[in-house]
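A.B. asks: Before anything else, here's the structure in question.
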Amino acid sequence: QEEDPIKVGILHSLSGTMAISETALKETVEMLIEQQNENGGLLGREIEPVVVDPASDWPRFAEQARQLLADDEVDVVFGTWTSVSRKSVLPVFEELNGLLFYPVQYEGEESSENVFYLGASPNQQAIPAVDYLMDELDVERFALLGTDYVYPRTTNKILEQYLMDNGVAEEDIMINYTPFGHSDWQSIVSDVRDFGGQGEKTAIVSTINGDANVPFYTELANQGVSASDIPVVAFSVGEQELAGIDTEPLVGHMSAWNYFMSAPTTENVEFIQAWHEFKDDTSAVTNDPMEAHYIGFNMWVEAVRRAGTTDVEAVQDAIIGVTVPNLTGGYATMMPNHHITKPVMIGEIQPDGQFSVVWETNGEVAGDAWSDYLPESSDIIASWRAPLLCGNYNVETGVCSGQDYGD
Amino acid sequence: MSLLDRPREVMRRDRVFDFMMPDPLEAGRVDTRHGPILYLEDVTVSFDGFRALDALTLYIDVGELRCIIGPNGAGKSTMMDVITGRIRPDQGQAWLGQRLDLLRMQETDISRAGIGRKFQKPTVFPEHRVVENLELAMAGPRGVWSTLRQHLDGESRDRIDSVLTEIGLQSAGHSRAGQLSHGQKQWLEIGMLLMQNPQVLLVDEPVAGMTHQEMDRTGELLQRLAGRHSVVVVEHDMDFVRSIARTVTVLHQGSVLAEGSMDAVQADPRVVEVYLGE
Amino acid sequence: MLSIRKLNQYYGESHTLWDVDCEVPAQGCTCLMGRNGVGKTTVLKTVMGLLPAASGEIEFDGRRIESRPAEQRARGGIGYVPQGREIFPLLSVEENLRVARTSVGRRDIPTLVHELFPVLHDMRHRRGGDLSGGQQQQLAIGRALCLEPRLLILDEPTEGIQPNIVREIGDVIQRLNRDQAMTVLLVEQKLPFARRTADHFVILDRGRSVADGRMDELGDDLVQRYLTV
Amino acid sequence: MATPQSSATRLIPERPWRRLLHGDMGGRILLGALAVLIVVIPILNQGVSPSSPFHVSDYTVNLLGRYLCFALLALALDLVWGYAGILSLGHGAFFALGGYAMGMYLMRQIGDRGVYGDPVLPDFMVFLGWEQLPWFWYGFDQFWFAALMVLLVPGVFGFIFGWLAFRSRVTGVYLSIISQAMTYALMLAFFRNEMGFGGNNGLTDFKDILGFSLSDPQTRLALFVASALALGLAYLLCRMVVRSRAGRVVRAVRDAEPRTRSLGYRTDHYKLWIWTLSAMLAGLAGALYVPQVGIINPSEFSPLNSIEIVVWVAVGGRGTLYGAALGGALVNYAQTLLTAMIAELWLFALGGLFVAVTLFFPRGLVGLFRRREDRS
Amino acid sequence: MKRFARCMLVSLLMALGLTASPAGAADDEALVSSLRQLNEGSFEDKAAAVRTIAESGHPRAVPVLQALLDSRLYFRIGGGEIVIADSLDSGFAVTDPLSGERVGEASQYEIRRVSINNAVRSEARKMLALAGLSSPDRQARSEAVERLLESPDPAIAERMEGLVAEEPVDAIRRDMSLVIGLARLDAPEAAIRLEALETLDGSLRNRVRNEVRRLAQNDPDPTVQARAAEILTGIQERRDLWGLGEQIFFGLSAGSVLMLAAFGLAITFGVMGVINMAHGELIMLGAYTTYVVQLLMPNAIDYSLFVAIPAAFLVTGAFGVAIERGVIRFLYGRPLETLLATFGISLILQQLVRTVFSPLNRQVSTPDWMSGAIEVNAALSLTLNRLYVIAFAFLVFGLLLLLFKRTTLGLKVRAVSQNRAMARAVGVSSSRIDALTFGLGAGVAGLAGVALSQITNVGPNMGQAYIIDSFLVVVFGGAGSLWGTLVGGLSLGVLNKFLEPETGAVLAKVLVLVFVILFIQRRPQGLFPQRGRAASEG
Ligand SMILES: Nc1ncnc2c1ncn2[C@@H]1O[C@H](COP(=O)(O)OP(=O)(O)OP(=O)(O)O)[C@@H](O)[C@H]1O
Ligand SMILES: Nc1ncnc2c1ncn2[C@@H]1O[C@H](COP(=O)(O)OP(=O)(O)OP(=O)(O)O)[C@@H](O)[C@H]1O
Ligand SMILES: NC(N)=O
Ligand SMILES: [Mg+2]
Ligand SMILES: [Mg+2]
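Chains as they are written, first to last, in the numbering used here: chain A, 149 to 555; chain B, 3 to 280; chain C, 233 to 461; chain D, 0 to 375; chain E, 40 to 577.
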């Protein structure tokens, strides 16, 4: 038994529409595993990656999650990107009692015993970003543009509530949704220009996803919307997305993340160098979800060490409270609600496709599974520590509901 | 496109699914008590200004065998297209018996009302076997539900067999129709027409590609059919026409040029000029 | 001009032509005869290259052609009027003619075609598929003539054509034989036309060539044996 | 009746609903295999100890169940494509509609065990701040109603689409492309949260079906058996249809529609009928599929999915019912295998497979075993 | 605040005027310390440093600020010394900010960019704009005025009044008077405000509209208010009219993308009858060809498209010929099976690109002559890349039309597609024609790829995004008709763009799809159908 390698499942799309984002994450985990093995493995055992390709097809995610857990009997899975893929595998992880580390910023409203949320929840990204817009840039009007799916919808719902709570009038908020891969932004950009041309300082809050971003920014540039007129702050645009865009005209537009490749810490430089070596490409970029995997992987390693086993229950138990350094000079701690602490930063786009940090929170913010700004969930909390052991506990009614496949 | 057009489109009579319509069209119920079975009056068809039929008027009596001749492009096939509902004329009247206005009926209804046609260019179902082609043509209910439940009784089988013998394709009964030679397809078309057992048979160039002897057989067949059925034959082979014709109509440029007995028509100098040649 | 020796041909598994032999002398008109389904069309298609020959030789103008593709045979001087017309239905009449014409590198339409079939000129802008059956047949013949072939293959060319033009076609075939040294290979069921037009005959029966000779040698016994049912 | 008939008329079956599998070797093998699966799989899954090499894991049962759903879907498509010649590039829509109908039932079964604990409203509605259940969700708490809807919704939808299209004689590629437009439009529409079907996330988090827990191996086994039965019965039904005279009319429509019409058949009725039947079968496949994968979301409507169905049928063998079913199962099996074995390169293998099948097995994989045209 | 600005401005103008004087060592030192502040201080400090630099009058002030704006200002990790750095193939070329002389190289791990934010950037821009106001360069002056229009204040207006008379360029002079007018809207005297209003009448600018609206809503003087309201209505009406023009432009441009993407398919699918599922991937290959061409000529991006267009045509055309020769030619007579094979090919091509180029989007640069917009006026500007794409689409259309109408190729293609055997029997080499035509269709898809690379992302999935729309356009127009594709593409584009503002992008797309479905019921053969006996006979 002892010689058997520890198996780590990697469940990221390598083909289909999501491959563009997820392939780098698969490689990140592979790199981390390689490094760990070079440093003597874990518990004296080798770590072995098990890679599958769910091909951006949601039911296939569930199928392959099942395959990883039931057939390959992996000890932990790093994977999924979109919320729907996470939702699709969630019941499988709960049923078969596996561990999933999810690396992407998401809409919150979830906490599962079997999932560890390494990306930002809205309070770790969206809220601080609009705070920045309001406080530092004196923005009064907000155009919330997003791709039509749950993450932007939820985020915008939270933001709308939050903005109105902060005295922004309803007509000063514009909300617009576009389909996945939307490529013709002419009218929308023109509308936003109009919306922003009324005198008050206006900003775009973008939850536009993946492929739609290139034509969006290209159109912004062509219609002459510069960051000094109407700045964009995006939640899904990182270094990797910028790699496909000519960033010269976009300088000054912003993104809110918990990590930027430009972070000047030694950990980060080492990480980047390792990544460049791994990819054999000195122009390869790193991004926030990659950092999330870095953190998640190290947390899992630490938890396994503490537990002395890869046994799921033991790791679940041991990992809460584990603290590891992040890449931006601070520390990430696994909270009882299975979210982690993260610093929030605003970066402005530079001509070389990097971000320069213009603002950052004092220290780390803990991720909130259930948003305080939504009436339905403001009473709900999550804690996977005894005695609560519940992902959605209503403090008003004292009831714990949902997501109870495990037992 | 105005908004009104949609509902109007839906209400169109000529395309509506007529689940609800009474079905007066079963063969044999055509009212022919008062004279001709097929009336064409003043029928005009034009394509982009070209008049393929020009005020054509024609009557076919019950049980008649009528030959129609005329130069290429005179409008003979177009006339059949009008009768079978494939083409809607620009003006004119077309009636089957006293009651059925062909111009208001769908192609399928016209067929079910008892008009059968053999096409000039043989068109059969290439992927079906010869017997299946005949079975498809066989008279009987045409609705989805009835064909779904229908079974082939001995009588029908006998009928198929006899037609198969009649058209000389016994040995080819199991081959796929697409594999037949041109002449064999011609025969199959005739066979399908026989299976349909219509009241009016429109036969476009039945003997093209047949040997002289086959031609005689076809002539006999058509003559046998006449009497109980009304038969309209279009043909360019004068020997054949002469052998079967009682009344001959000559079409030219979309209207009737001459009509009468074979001899009279043959002697008509206009017919000689445009059609027969010296 | 054209000689076919020991030609065999199959449709899938079924053996359609059995060792067919056929000689078509130059500058004459040879008529291939036989009942329905004996394989006449199959022979012509094989000569044209539209069907592969399983075995046997086809020699045209002294050269073996059985392995050449159809288009080379067409450009090499074989014109084909198929059974069933095979017009390009969506091309205009003029375009139908021009397609053939371009493959001999010309743009004009030979006067002969319009002389013979004036209707093709009158209706040059109409779509080929809209023509009446007989008009299409005329177009098919006209199209083959556009190739200015040395060997013209006609598969029941008079089908559906009005009597006076049929007669004219017969005359033209003879004229072409004579004046332009064109060789003609004809399939025809109508005995009178065949007798009038052709000067040689070859009879097929169930895929085999069974008789041949000069047209005036075609006696009633042969007709009785092979051409009636 | 045994008059001296020509051998040829015997090719036409006397009573289409009798001796259904006469001359249908492929069908017999298919049904035989299904029967064996129904008996053997439960035994190997439940009766054999997990350590035994003969044990069939829950995972495998689940996987097989889904292949059967795909086979049923392929069968449905083959009915319209192979027999009626209507190339539908939108059959995924019917599958998804059936799936959604079932998903709605499963959603209502969650009851107050949802995240927000609302006894009536599904989580996503609570989250969107909806006060009450939209009208079209009524009745889905009843299984019988949902079961009816599984057939009716795709059926009615297919009927309306077909009615519009066939009535105005939309044929060939035009029909294919507008069927694709249909599924694409549905996909975009279902993505919208306002539609009330859970937007992009679709319906998920299912817990029970008919009171049995979906995570229970026995329930999965039952679903597997249900899928196998559905496939078997659907096969027999399709077989009956294609052997009947109506089936021959439908094939005539495929080859020469105007000629069929001139024989007096209302070809639009035939097309509409077979199209609707096929849509309902596809819906059934979707309904069986959803509880087995635990999620239904709008990407099931994606045009690419529908194209894949066409590919399954073509790979299996168009125009042979068992071939289509085989194609549906096999291509998906290949995908499962390849995505796990050669995660980075599997698309090369799959694409290569498609190309190779068309080039070397023009009648699909079953063309390998089938010498002559099927004798239906 | 205002007073401060004025003082600052005056000193700044003076300082900039003095740039001729040689810089002393003391000036250098001041500049260095300002530069340090630029790096180390808070963003407010940085903004102040920008002003200090501008006011210092140092001859290097303008280049340094420009470098800051261009993000070329770096500091050395460790020492904190400020340098100007230009990226090389690997690492950077380092320049001393004081002397402007090249002093060596540095790697990406040694230096970091001086970080600034939008506020600092705005400040620097404004400072440079003021400096540019009296520049002899017309472009620089125009930009400076444009820039000042956004924040006009009395001091600037005053300065402008001096300049406006000397300004030789009409347009700039008009803008200058706008700046003056805008600044005077705040004048306490109603008469001056009224007078200023008149100078603003006729302008379509946002800024003007907003200011006029402010007056129309709450000017204390009723006459001013009334006049402002009047002017506002005029402005609004004209803006709306131009807005309509903009919408039509958007529609045409969306439509031209659709038709460009569809042309290739109109040939392979419409004319040849091959259901080519790999069409989208051929478009993608065209886009990747553009990317590779740009990689090969990094210093001539402006001309790269002229190389990319023929290159893409040839590359994708060659792929097309290979696909036709390798696969499709075995499938004629089995048209539906081409769907299966080409679907397989599309999977292979996608994965091939992923393997060769990585799954990430690739960056294709837009040449300078294609970026930006033509400003027709303040309310309507036509983005250049779209304009070129429209022109390109029509050009391709014209060439294809010529090719099909003027050469015998079109005739032969149609003959082959209608009756392959008979075409051969009249001497048309069907295999050559098939390969050529498919190659042509593929090549045209490649051209579409070049155009698309200028407006959307270049990645392995890009083909998927266009395949459905392309099929829809071809079918809507009527398969086999190039004109149909043209009209179909344009009208769907325009329809979409007119629906979008009403319904949002998602619903607009759904409605367009539903429209096409219903339209096809009315015209089952598309806009330009094949009619007649031939099309209907069985
Ligand atoms: N759809 C159409 N468009 C244009 N012209 C047409 C169309 N259909 C028929 N025509 C023309 O109408 C005329 C009549 O054609 P029709 O087929 O009725 O002739 P026909 O008498 O049957 O001749 P044939 O003896 O050659 O078969 C012809 O000149 C033909 O070209
Ligand atoms: N595509 C095919 N597949 C299989 N068999 C075929 C095919 N085409 C023709 N045949 C068969 O080959 C034989 C010869 O056919 P062919 O067309 O050459 O006859 P033909 O002598 O030209 O007859 P006709 O006088 O009727 O035109 C026929 O028995 C026919 O059934
Ligand atoms: N969680 C996201 N970005 O879908
Ligand atoms: Mg005719
Ligand atoms: Mg023949």
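Note that beta-carbon positions come from the ideal geometry of N, C-alpha and C, so glycine has one too. On a predicted model such as this, the values are computed, not experimentally measured, just so you know.
Taking CB distances under 8 Å as the criterion, tell me whether residue 162 (chain A) reaches chain D.
C.D. replies: Closer than 8 Å to some Cβ of chain D, the Cβ of residue 162 (chain A) qualifies, so yes.
A.B. asks: Can you tell me where the alpha helix (DSSP H) with residue 290 (chain D) in it begins and where it stops?
C.D. replies: Per DSSP, residue 290 (chain D) belongs to the alpha helix (DSSP H) from 266-292.
A.B. asks: Within the 8 Å Cβ cut-off, does residue 451 (chain E) reach chain C?
C.D. replies: Yes, residue 451 (chain E) counts as interfacial toward chain C.
A.B. asks: Provide the residue(s) that pair with residue 197 (chain A) in DSSP beta bridges, ordered along the chain.
C.D. replies: A:156
A.B. asks: Quick check on residue 102 (chain B): does DSSP put it in helix, strand or coil?
C.D. replies: It is a strand residue.
A.B. asks: What did DSSP end up calling residue 364 (chain E) once you bin it into helix, strand or coil?
C.D. replies: In the structure shown, residue 364 (chain E) adopts helical secondary structure according to DSSP, grouped into three states.
A.B. asks: Could you check if residue 315 (chain C) belongs to the surroundings of ligand 5, using beta carbon to heavy atom distance under 7 Å?
C.D. replies: Correct: residue 315 (chain C) has its Cβ closer than 7 Å to ligand 5.
A.B. asks: Taking beta-carbon pairs under 9 Å, can you tell me which members of the region 71-102 of chain B lie near chain C?
C.D. replies: Flagged, chain order: 71, 72, 73, 74, 75, 76, 77, 78, 79, 80.
A.B. asks: Answer yes if the region 358-368 of chain C comes into contact with the region 245-252 of chain B, meaning at least three C-beta pairs across the two stretches below 8 Å, and no otherwise.
C.D. replies: no
A.B. asks: Between residue 365 (chain D) and chain G, is the shortest Cβ-Cβ distance under 8 Å, so that the two count as touching?
C.D. replies: No chain G is part of this structure, whose protein chains are labelled A, B, C, D and E.
A.B. asks: Name, going along the chain, the residues of the region 242-271 of chain B whose beta-carbon falls closer than 8 Å to a beta-carbon of chain C.
C.D. replies: none
A.B. asks: For residue 44 (chain E), does the three-state DSSP call read helix, strand or coil?
C.D. replies: Low per-residue confidence applies at residue 44 (chain E): pLDDT is 45, beneath 50, and the placement is therefore not dependable, though the value from the model is reported in the following sentence. Reduced to three states, the DSSP call for residue 44 (chain E) is helix.
A.B. asks: Relative to chain D, which residues along the region 198-218 of chain A have a C-beta separation below 8 Å, given in chain order?
C.D. replies: 199, 200, 201, 202, 203, 205, 206, 207, 208, 210, 211, 212, 214, 215, 218
A.B. asks: With a 10 Å radius around its C-beta and 16 neighbouring C-beta atoms as the bar for buried, classify residue 140 (chain E) as buried or exposed.
C.D. replies: The residue in question, residue 140 (chain E), is exposed, as its Cβ has fewer than 16 Cβ neighbours within 10 Å.
A.B. asks: I want to verify the contact list: residues of chain D whose CB lies under 8 Å from the CB of residue 380 (chain E), in sequence order.
C.D. replies: 353, 354, 357, 358
A.B. asks: I'd like to know whether the C-beta of residue 569 (chain E) is nearer than 8 Å to at least one C-beta of chain C.
C.D. replies: yes
A.B. asks: For residue 502 (chain A), I'd like the list of residues in its chain whose CB is within less than 7 Å of its CB, leaving aside the five on either flank, ordered along the chain.
C.D. replies: 387, 409, 410
A.B. asks: Closest to residue 96 (chain B) by CA distance: which of B:253, B:69, B:41, B:264 is it?
C.D. replies: Minimum Cα distance to residue 96 (chain B) is reached at B:41.
A.B. asks: Please give me, in chain order, every unbroken run of the alpha helix (DSSP H) with length at least 4 that falls completely inside the region 220-295 of chain A.
C.D. replies: 231-244, 274-284
A.B. asks: How big is the Cα-Cα spacing for residue 110 (chain E) and residue 495 (chain A)?
C.D. replies: Whole-angstrom Cα-Cα distance: 14 Å.
A.B. asks: Report yes if the C-beta of residue 79 (chain D) is less than 7 Å from at least one heavy atom of ligand 2; otherwise report no.
C.D. replies: no
A.B. asks: Any beta carbon from chain E within less than 8 Å of residue 487 (chain A)'s own beta carbon?
C.D. replies: Chain E contact via Cβ: absent.
A.B. asks: Scan the region 544-556 of chain E for residues whose Cβ lies nearer than 9 Å to a Cβ of chain D and list them as they occur along the chain.
C.D. replies: 545, 546, 548, 549, 550, 551, 552, 553, 555, 556
A.B. asks: Just list the alpha helix (DSSP H) runs in the region 220-277 of chain B, keeping only unbroken ones of 4 residues or longer that don't cross its boundaries, in chain order.
C.D. replies: 240-246, 264-269
A.B. asks: Taking any Cβ of chain E, which residues in the region 289-312 of chain A have a Cβ under 9 Å from it, in chain order?
C.D. replies: Cβ contacts with chain E come from 296.
A.B. asks: In three-state terms, what does DSSP make of residue 29 (chain B)?
C.D. replies: Note that residue 29 (chain B) scores a pLDDT of 41, beneath 50, so its modelled location is shaky; the value from the coordinates is reported in the next line. Annotated three-state conformation of residue 29 (chain B) is coil, per DSSP.
A.B. asks: Would you report the Cα separation of residue 206 (chain E) and residue 219 (chain E), rounded to the nearest angstrom?
C.D. replies: 14 Å
A.B. asks: When you compare the CB positions of residue 120 (chain B) and residue 195 (chain B), do they come within less than 8 Å of one another, or not?
C.D. replies: Yes. Within cutoff.
A.B. asks: Suppose the cutoff is 8 Å on Cβ atoms and the five residues either side in sequence are ignored; what does the same chain contact list for residue 275 (chain D) look like?
C.D. replies: 154, 157, 158, 161
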